[in-house]
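Chains as they are written, first to last, in the numbering used here: chain R, 11 to 660; chain X, 107 to 531.
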């Protein structure tokens, strides 16, 4: 043995010493000190969440677009509920008894010891009544929350809406608890983290009569809520309002951008919806109704719908052709009133010999068929397949055919075909430029979002670059403003070509197809477009910017099924430009003409018919037949349009 | 009856029944309290395999099977393989730093398929084995500087690796193995000085540095007066005094400039400082209310209200002692403390009766590890120690720790059994 046997006694001593300290401490905590016991018996501790005020949203002039109001949720801790008088409870809060029992059981299953909401968003009157009788309802308390409030009911697609978190949200972030709200679309979604702030916690002592006895430990363990940050957007409240007024009763979309900054001045999708419908207890009723509406009011056509650009594509093709030296400013082509393509002709309403300037002014289809063929069949690119990919790359420089990166979700990247697309239909190396000639006039397979076209107009306005289009210019937090940085994208095309195009687009307005957008003493540049639509009337399109020198606004107007671009989209665009730049309208008759137009009637009639059918089915007890709604605008992978469907395009 | 059968039967009956019985008792108490801590009225099944108590039942069964095999297996492999196991455990710790999974802030888990375990648990056992093996080697003397350094290194290398995993609790556990070194003759100063400095650090944190400095001066003066005839001890005391002053300043600086917020918070919680407005002291306070509300005899099985999920966090793992305190009162919690004392006392008794030094030192290793877990865990729930998340042996929920403790204990019981058997020969 190596000795040191006595050390086992030292270790036993240490062991007994620690054990003794623990036993003494237990005697003190459990037997001598009555405070802990009393505390646990007489008081219930309630952990309440303090919801922060959500960040506000302002327009470019600091006017408020979205604010908050306070509502109350009735919360329950199921294990603390005793002798509940369900009838009185339901009468007091004016709720359905079965619904309440269901909510109560749900809360109980979630956790008997944690607080869950049982009645959401009660009115102020109900709050007052319930507060008085709270003593009869142990286990219940009211939790203030903030919900959104939209004083003007505008820009609903851009702002988006909130909804209750689902299990996926809760799995993604442990910040969210059952019953919390989260931004589900628009700015509310993309800036959720900045807007939401940080929840706080307060520990409240409650006596047996369900009365608050003050803060546990003088609020030592409470955490203050941190309010959300405010969004300063580039939206112009008045322009937005005016655009919504003009587009009332029409299907379509409007996007207006300040070219120099990339800020969205106005964005709407028509028909829209009143965002206040998605608040409070009404939401449950309204949401499904809005979602199933055949006019799709919840669908943001401005960024999610795609349409053939028609003739609005011509300026971009002219620019890329000039830069690649496929044509020069003086290149002319003769138009005999159409472009012959084997057995059929791509029609053109104008005839004569045109240069680039006049091809834009009169929107000559023939000219762009020649340009397109020259672009695709460039000798240096060897095959038309490579020519098409090159064409695609050049369009991307304008932000066309890819996501622009706007700061709201669900942006579509549009559809601009590449060689793979045609290889699939015709076989590799087995098609020529003539097979895809419809693309020359922005028809058939190409489809873009109104946002992409507005952004393209802004690029021309800027003479060669665009800033990622966006709503939020800065984020405001406790006296500090954090400027957002947005990327600048160069097209790499010579400025002189842009000036040529700007002049040509000015002539479109002055003595071309866009006369309806003409404004006295103002240099407006624009391009009309008429997009063929296999499902019905042509879509009316217009892109523009103004003033020609140092432009303040660039926009795209899209009116579905309205016919010629010059007759419907152009006047809307013209009115918006004048309203934005001059704050007044010089041609009230144009305004009147636009306001009176109604294109919603087709769908409205359809819906009426459906409703009638439903009524009848209800009476007869038959189940309604599911009707499939086809909408090309939502499906980016749509099959190619009938290649023989070719008409003139303005 | 053949000789072989006789031998194996003897070996089994030689298992220390007191320790075995306490182990079974603790296991049952642990499971019942895990069950109670997550019980609620809406539970449809008595045992739900998707909940902690259900899973723990699986771990317990697995552990018992392993314990059975340990009893059957030849005990000499632990001595033979000790360094091999140690090397393997170290390489796993290193691997964990790279491929480990992070749970509750500590990157200490290795995942193999659906199975995951905490590598520090294996390292504890391996380090005990390696230390026992090394210190029982003929010719190794802890009083030699070189041997002492090797001993320390065996202990500190895994400790550091675990610290790198950000698992402060487990790292502390390794330090407790100093008791093994102490048992073979390491100077008591190696324990007294760190503990003393620990107390000083805590005092600095609790109050501030001025009163500590004044107190230090007074104590040093008195101590020097008492031992004025022994210059060697005087020198040690002076050295300790200088070190204490250094620590006082060091801790003060460290807390204010080096520690991460959450670490500072955890220390402040223990000390009841005003700064924990973020709610970090909440756990300890709630834990004390739960235990205190138990009174003398407790509220009874499943009757605890404070210890249900919403108040005390980490209920079934680190704060399991609260459930015992609330539902069984002083009789229950005091009884559990006594049961642990009895187990550890018994381990010392077993240690001292070993004929082989390796066996004895291994026993002290098991003692040290159970002791430190017991001290930190219950100290924490009683508000006597910082909130460091380490489990209460055999009681807390958790597969890795339960299996590790069981294996560790049963290797000891097996070593003891064969030591006595061969001793009879």
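Glycine is no exception: its CB is placed at the ideal position from the N, C-alpha and C atoms.
I'd like the list of long-range same chain contacts for residue 353 of chain X, defined as Cβ closer than 7 angstroms, with 5 residues on each side in sequence excluded.
303, 306 and 307
Chain R beta carbons: is any one of them nearer than 7 angstroms to that of residue 400 of chain X?
yes
Contact with chain R by residue 443 of chain X, beta-carbon distance below 7 angstroms:
yes
Does chain X have any CB closer than 7 angstroms to the CB of residue 636 of chain R?
Here the model assigns residue 636 of chain R a pLDDT of 42, short of 50, so the residue's position is not dependable and the matter cannot be decided.
Where DSSP assigns a beta bridge to residue 280 of chain R, which residues make up the other side?
R:262
Could you name the residues that DSSP lists as bridge partners for residue 537 of chain R?
R:553
Could you name the residues of the same chain whose beta carbon sits closer than 8 angstroms to that of residue 291 of chain X, not counting the 5 residues immediately before and after it, in chain order?
247, 248 and 249
At a CB-CB cut-off below 8 angstroms, which residues of chain X make contact with residue 40 of chain R?
397, 398, 400, 401, 402, 431, 435, 436 and 439
Would you list the residues sitting across from residue 492 of chain X in a DSSP beta bridge?
Residue 492 of chain X is not bridged to any residue.
Residue 498 of chain X: buried (16+ other C-beta within 10 angstroms of its C-beta) or exposed?
buried
Note down, in chain order, every chain X residue with its Cβ under 9 angstroms from the Cβ of residue 215 of chain R.
Simply none; closest approach about 12 angstroms.
With three or more beta-carbon pairs closer than 8 angstroms as the criterion, would you say the segment 397 to 410 of chain X touches the segment 428 to 438 of chain X?
yes
In the DSSP assignment, find the alpha helix (DSSP H) that holds residue 274 of chain X and state where it starts and stops.
274 to 281
Would a C-beta distance cut-off of 7 angstroms place residue 601 of chain R and residue 529 of chain R closer than the cut-off?
no
Is residue 564 of chain R helix, strand or coil when you go by DSSP?
strand
Can you list, in chain order, the residues of its chain with a C-beta nearer than 8 angstroms to that of residue 402 of chain R? Leave out the 5 residues immediately preceding and following it.
411, 426, 427 and 428
For residue 172 of chain R, list the residues DSSP reports as bridge partners.
R:193
Cα-Cα separation between residue 430 of chain R and residue 483 of chain R, rounded to whole angstroms
39 angstroms
Min CB distance residue 18 of chain R to chain X below 7 angstroms
yes
Could you tell me the distance, in whole angstroms, from the CA atom of residue 503 of chain X to the CA atom of residue 483 of chain X?
13 angstroms
Take residue 567 of chain R and list the residues in its own chain whose beta-carbon comes closer than 6 angstroms to its own, dropping the five residues that flank it on each side.
264, 552, 579, 582 and 583
Pick from R:408, R:252, R:397 and R:476 that is closest to residue 439 of chain R, judged by C-alpha positions
R:397
Taking CB distances under 7 angstroms as the criterion, tell me whether residue 437 of chain R reaches chain X.
no
Whole runs of the beta strand (DSSP E) within the segment 273 to 345 of chain R, excluding any shorter than 3 residues:
273 to 280 and 343 to 345
CB contact below 7 angstroms: residue 187 of chain R versus chain X
no
Got a sec: is the Cβ-Cβ distance from residue 589 of chain R to anything in chain X below 7 angstroms?
no
Would you grab the beta carbon distance between residue 65 of chain R and residue 241 of chain R for me? Rounded to a whole angstrom, and I think it's under 8 angstroms.
6 angstroms
Secondary structure of residue 372 of chain R, DSSP reduced to three states
coil
Entirely enclosed beta strand (DSSP E) segments - the segment 443 to 507 of chain X, minimum 3 residues:
none
Residue 30 of chain R (DSSP reduced to helix, strand or coil)
helix
Does DSSP classify residue 206 of chain R as helix, strand or coil?
helix
Check whether the Cβ atoms of residue 465 of chain R and residue 476 of chain R lie closer than 7 angstroms to each other.
yes
Assign residue 201 of chain X to buried or exposed, taking buried as 16 or more other Cβ atoms, counted over all protein chains shown, within 10 Å of its Cβ.
exposed
Element boundaries [alpha helix (DSSP H), containing residue 237 of chain R]:
Run containing residue 237 of chain R: none; DSSP gives neither H nor E here.
Quick one: list the residues of chain X neighbouring residue 5 of chain R, beta-carbon separation under 7 angstroms, in chain order.
Nothing can be reported for residue 5 of chain R: it is not among the residues displayed for chain R, which extend from 11 to 660.
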